[in-house]
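The sequence shown runs 5 to 327 under this note's numbering. This report concerns only the one structure given below.
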Amino acid sequence: MAEPRPRVWVSQPLYADIEARLDEWFEVTRTPRITDHAPDAIAAALADADGALVTLNDRIGAAEVAGAKRLCAVANVGVGYNNLDVDALAARGIVATNTPGVLTETTADFGFALMMAAARRITEAEHWLRAGRWQGWGFHQLLGAEIHGSTLGILGMGRIGQGIARRARGFGMRVLYHNRNRLPEAVERDCAAAWLEREALFAEADHLVLVLPYTPANHHIVDAAALARMKPTATLTSIARGGLIDEDALADALQAGRLAAAGLDVFEGEPAVNPRLLACRNVVLTPHIASASLPTRRAMVSLAVDNLVAAMGFGPDAGRPPS
Ligand code: DGY
5 MAEPRPRVWV
15 SQPLYADIEA
25 RLDEWFEVTR
35 TPRITDHAPD
45 AIAAALADAD
55 GALVTLNDRI
65 GAAEVAGAKR
75 LCAVANVGVG
85 YNNLDVDALA
95 ARGIVATNTP
105 GVLTETTADF
115 GFALMMAAAR
125 RITEAEHWLR
135 AGRWQGWGFH
145 QLLGAEIHGS
155 TLGILGMGRI
165 GQGIARRARG
175 FGMRVLYHNR
185 NRLPEAVERD
195 CAAAWLEREA
205 LFAEADHLVL
215 VLPYTPANHH
225 IVDAAALARM
235 KPTATLTSIA
245 RGGLIDEDAL
255 ADALQAGRLA
265 AAGLDVFEGE
275 PAVNPRLLAC
285 RNVVLTPHIA
295 SASLPTRRAM
305 VSLAVDNLVA
315 AMGFGPDAGR
325 PPS
């Protein structure tokens, strides 16, 4: 009798044509509609699964995998993976994968756009116009901050940070960055970027962009003290994770004019947004869409499917000796 095929749970409907590749190897259980799975529903879905394809909405930790005796791989559709407790998964011998690389340029485009929108007050100006407040061209209306010739600070100079740095070159910006580890000289040269201590980066940047992964160790890395180091004319943009910023401290700084503007694509309690930020006119708020283009989202799913197939020991290269 043929061996039963391994079972895979797909937590959200993604792209049917790409997901179909899983059917070649596995018995697939799909989720017909976008679903906000409760923790016990995730635990139930994983209980008899050998593998899972999940998104950032699905939080998987020790409790969710406690009864998942056969689970050997979880493929996350996303480069960030703070929805997974990787230590809890590793302790159970479960491989976790993510999708770096395929969303770099799209996300860098968006980070740059969000920074520019905050600096040049684009959404604020649109709201003002739509509210019927524009009475005629005004010399002093809605003056923003310069992008060209200004200093860009990048906190977290991975692939996406480097993509933003390359875009900044075209705008004649000076680029400074901070990473725990300095990049090799050749990469710094390619990005025309110079390393700085974190405190100095906060103080020097005209526009600071956060692109670093979120971990418990950098929770609220942008707190009241960090914001106090920034220039009152500066902007802060985040396309990373909400937990990096103390949002109440940011609202205080924006309301008091101690920071000119902010652009936020990510929030600590998303999809809930801190009401104090909603009340600030000088912050551009977007619903976690930095990687949201159709080709990029398809590429993310495709990579996650390949990752899952490989992590479960299937696929074209399975069983071949390493070349
Ligand atoms: C990621 O991949 O981590 C983004 O936040 C969502 O695309």
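The C-beta atom is built at its ideal place from N, Cα and C for all residues, glycine as well.
Would a C-beta distance cut-off of 7 angstroms place residue i and residue j closer than the cut-off?
i: residue 122; j: residue 267; result: yes
i: residue 241; j: residue 118; result: yes
i: residue 65; j: residue 47; result: no
i: residue 315; j: residue 77; result: yes
i: residue 257; j: residue 231; result: yes
i: residue 328; j: residue 305; result: Shown here, the chain extends from 5 to 327; a query on residue 328 therefore has no answer.
i: residue 29; j: residue 318; result: yes
i: residue 140; j: residue 213; result: no
i: residue 234; j: residue 263; result: yes
i: residue 164; j: residue 181; result: no
i: residue 295; j: residue 111; result: yes
i: residue 69; j: residue 303; result: no
i: residue 136; j: residue 312; result: no
i: residue 108; j: residue 176; result: no
i: residue 120; j: residue 151; result: yes
i: residue 197; j: residue 169; result: yes
To the nearest angstrom, how far is the alpha carbon of residue i from that of residue j?
i: residue 310; j: residue 248; result: 31 angstroms
i: residue 18; j: residue 124; result: 35 angstroms
i: residue 88; j: residue 58; result: 10 angstroms
i: residue 92; j: residue 11; result: 21 angstroms
i: residue 209; j: residue 221; result: 23 angstroms
i: residue 1; j: residue 178; result: Here the chain comprises residues numbered 5 to 327, so residue 1 is not present and cannot be evaluated.
i: residue 22; j: residue 96; result: 29 angstroms
i: residue 128; j: residue 276; result: 21 angstroms
i: residue 160; j: residue 171; result: 16 angstroms
i: residue 308; j: residue 147; result: 44 angstroms
i: residue 200; j: residue 75; result: 43 angstroms
i: residue 225; j: residue 254; result: 12 angstroms
i: residue 237; j: residue 265; result: 8 angstroms
i: residue 286; j: residue 322; result: 53 angstroms
i: residue 8; j: residue 34; result: 18 angstroms
i: residue 326; j: residue 16; result: Low confidence applies here, because residue 326 scores a pLDDT of 48, under 50, leaving its location unreliable; read the following figure in that light. Going from the Cα of residue 326 to the Cα of residue 16 covers about 33 angstroms.
i: residue 245; j: residue 142; result: 38 angstroms
i: residue 102; j: residue 228; result: 32 angstroms
i: residue 3; j: residue 250; result: With the chain running from 5 to 327 in the structure shown, residue 3 is simply not present.
i: residue 130; j: residue 174; result: 26 angstroms
i: residue 53; j: residue 203; result: 46 angstroms
i: residue 292; j: residue 243; result: 8 angstroms
i: residue 62; j: residue 36; result: 15 angstroms
i: residue 259; j: residue 239; result: 13 angstroms
i: residue 211; j: residue 154; result: 8 angstroms
i: residue 49; j: residue 73; result: 12 angstroms
i: residue 280; j: residue 271; result: 12 angstroms
i: residue 288; j: residue 79; result: 32 angstroms
i: residue 320; j: residue 51; result: 28 angstroms
i: residue 162; j: residue 218; result: 13 angstroms
For residue i, write down the residues that DSSP places opposite it in a beta bridge.
i: residue 55; result: 12, 77
i: residue 355; result: Limits of the chain in this structure are 5 at one end and 327 at the other, which puts residue 355 out of reach.
i: residue 100; result: 78
i: residue 88; result: 64
i: residue 211; result: 156, 239
i: residue 31; result: 11
Say the cut is 6 angstroms; is the CB of residue i nearer than that to a heavy atom of the ligand MG?
i: residue 116; result: Absent from the structure shown: the ligand MG. Ligands present: the ligand DGY.
- [ ] Mind listing which residues have their beta carbon within less than 5 angstroms of any non-hydrogen atom of the ligand DGY? Chain order is fine.
- [x] 82, 83, 84, 295
Task: Whole beta strand (DSSP E) elements within the region 213 to 268, 3-residue minimum - done: 239 to 242, 265 to 268
- [ ] Can you check the region 127 to 203 for any alpha helix (DSSP H) of at least 4 residues that lies completely inside it and give the ranges in chain order?
- [x] 163 to 174, 189 to 195
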